[in-house]
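Student: The structure follows.
Residue numbers (mature numbering (1 follows the signal peptide of the UniProt record, and there is no 0)): -28 to -1, 1 to 346.
Have a look at this one:
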């Protein structure tokens, strides 16, 4: 849907789309709902993740769909606002979508979670690695990617391994930032370090003017930014504008081509953690498959495109196992009883005690051509 549509217009159009998908025949569409920041600070990553999901859905639909039913993804723009994410989720649920899918943001997902239980609807592939989504297990929520805590811990371990002793942390002041930083603190403790500096910024109105001088006063060799999209870009540019050559690091929620483009001249050398195999590693069948689909559609395969593609593949596998006329309940049950499933060189798995999906973590660095390299 176009981001220029007002909320009332969005609801009217959504009603028509879902009604068309649910009307009548045994071969009606399977309608999936997404609320995410298609505009706002994380729009670049959301666009790429959604592109990845559509690549897979389009291939499935071209081959006849799931048991003869085409998959219809209806996306609403929440502008990266948790309150609007809840409003959108309610609208999608009320219009009869079988599942929510690929939303973005930790506070946003936390705000949506009560709706899952209330309406008995699965949420598959939230694009966030918050630990609260993994433990305790939520019976209606199915993660696909690893946790932010594991990413941050891995990043700190790598920095220590290459000789970085003074590591600073700049985080967004919300549940996502607090969650991920726990992993960074674990990494620091394991390497007998403490943070050289630790500052927080406001999610809604980030201002790095008072923060960056405090951080750089500690002469850090590396700065880990925990935050999203344009705010992290602003922070990294402020560090470079102040004359610091510290190693800049961030997490996989920023592993998009749009993030690199926004960094511009300072992108070279930035380290970004990853939660899926290297997007150029065609030895992995899942990557070869995604790359072929992307090339056919004229889409650049980035880490976040891969995330969307893999998340869609997990959802479709659940739908295939949920019966010829899948329901919210049968989809939930099918996913939870999936066991281990080979996606193509990587395995995803769920059971009643574990809805984590994958636990893959790696690191990439931005090269001079503006591409992620591992």
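Cβ coordinates follow ideal geometry from the N, Cα and C atoms, glycine included.
How long is the line joining the alpha carbons of residue 211 and residue 330, rounded to whole angstroms?
Tutor: 34 Å
Student: Do you know how far the Cα of residue 96 is from the Cα of residue 287?
Tutor: 7 Å
Student: Give me the residue from 35, 104, 255 with the minimum Cα distance to residue 80.
Tutor: 104
Student: Can you tell me which of 21, 29, 23, 206 puts its alpha carbon nearest to the alpha carbon of residue 1?
Tutor: 29
Student: According to the neighbour-count rule (16 or more other Cβ atoms, all chains shown, within 10 Å of its Cβ), is residue 137 buried or exposed?
Tutor: Only exposed fits residue 137, as fewer than 16 other CB atoms lie within 10 angstroms of its CB.
Student: Mark residue 3 as exposed unless 16 or more other C-beta atoms lie within 10 angstroms of its C-beta, in which case mark it buried.
Tutor: buried
Student: Would you tell me roughly how many angstroms separate the C-alpha atoms of residue 150 and residue 332, rounded to the nearest one?
Tutor: 21 Å
Student: Around the Cβ of residue 268, are there at least 16 other Cβ atoms within 10 angstroms (buried) or fewer (exposed)?
Tutor: exposed
Student: Using the rule of at least 16 other Cβ atoms within 10 Å of the residue's Cβ for burial, across every protein chain shown, is residue 229 buried or exposed?
Tutor: buried
Student: Measuring only the C-alpha atoms, how far is residue 64 from residue 56?
Tutor: 12 Å
Student: Would you check if there are 3 or more beta carbon pairs closer than 8 Å linking the stretch 253 to 269 to the stretch 195 to 215?
Tutor: no
Student: Can you tell me the Cα-Cα spacing of residue 226 and residue 338, whole angstroms?
Tutor: 12 Å
Student: Taking the beta carbon of residue 217 as the centre, do at least 16 other beta carbons fall within 10 Å, making it buried, or is it exposed?
Tutor: Burial is judged here by how many other beta carbons sit within 10 angstroms of a residue's own beta carbon; residue 217 has fewer than 16 and is exposed.
Student: Could you tell me the alpha carbon to alpha carbon distance between residue 166 and residue 256, rounded to whole angstroms?
Tutor: 38 Å
Student: Who are the near neighbours of residue 204 in its chain, counting only those whose CB is closer than 7 Å to its CB and skipping five residues on each side?
Tutor: Answer for residue 204: 197, 222, 226, listed in chain order.
Student: DSSP on residue 304, reduced to helix/strand/coil?
Tutor: helix
Student: Secondary structure at residue 216, three-state DSSP: helix, strand or coil?
Tutor: coil
Student: Looking only at its chain, what residues have a beta carbon closer than 7 Å to the beta carbon of residue 93, apart from the 5 residues adjacent to it on each side?
Tutor: 65, 71, 72, 112, 300
Student: Hey, how far is the Cα of residue 148 from the Cα of residue 125?
Tutor: 15 Å
Student: For residue 258 and residue 215, which I take to be in contact (beta-carbon distance under 8 Å), what is that distance rounded to the nearest angstrom?
Tutor: Incorrect: roughly 43 Å between the Cβ atoms, too far for contact.
Student: Tell me which residue opens and which closes the alpha helix (DSSP H) that residue 229 is part of.
Tutor: 229 to 235
Student: Please give the ranges of any alpha helix (DSSP H) in the stretch 100 to 188, keeping only runs that are unbroken, at least 4 residues long and fully inside the region.
Tutor: 120 to 133, 147 to 162, 183 to 188
Student: Is residue 281 helix, strand or coil when you go by DSSP?
Tutor: helix
Student: So what does DSSP say about residue 10, is it helix, strand or coil?
Tutor: Taken through DSSP and simplified to helix, strand or coil, residue 10 comes out as coil.
Student: Using 10 angstroms around the beta-carbon of residue 279, count the other beta-carbons present and answer buried if the total reaches 16, otherwise exposed.
Tutor: buried
Student: Classify residue 88 as helix, strand or coil using the three-state DSSP reduction.
Tutor: helix
Student: Taking just the CA atoms, how far does residue 49 sit from residue -25?
Tutor: Residue placement at residue -25 cannot be trusted, given a pLDDT of 42 that sits under 50; the coordinates are not used to answer.
Student: What residue does the beta strand (DSSP E) around residue 246 start on, and which one ends it?
Tutor: 243 to 246
Student: Suppose contacts are defined by Cβ-Cβ distances below 8 Å. Is residue 16 in contact with residue 201 by that definition?
Tutor: yes
Student: Please classify residue 6 as buried or exposed, where buried requires at least 16 neighbouring CB atoms within 10 angstroms.
Tutor: buried
Student: Please list the terminal residues of the continuous alpha helix (DSSP H) segment that includes residue 273.
Tutor: Premise fails: residue 273 is in no alpha helix (DSSP H) and is neither H nor E.
Student: Tell me the DSSP bridge mates of residue 194?
Tutor: 139, 219
Student: Identify every residue that forms a DSSP beta bridge with residue 3.
Tutor: 44
Student: What residues are listed by DSSP as bridge partners for residue 319?
Tutor: DSSP output for residue 319 lists 314 as bridge partner(s).
Student: Pick out whichever of 252, 213, 41 has its Cα sitting closest to the Cα of residue 237.
Tutor: 213
Student: Give me the Cα-Cα distance between residue 10 and residue 47, rounded to the nearest whole angstrom.
Tutor: 9 Å
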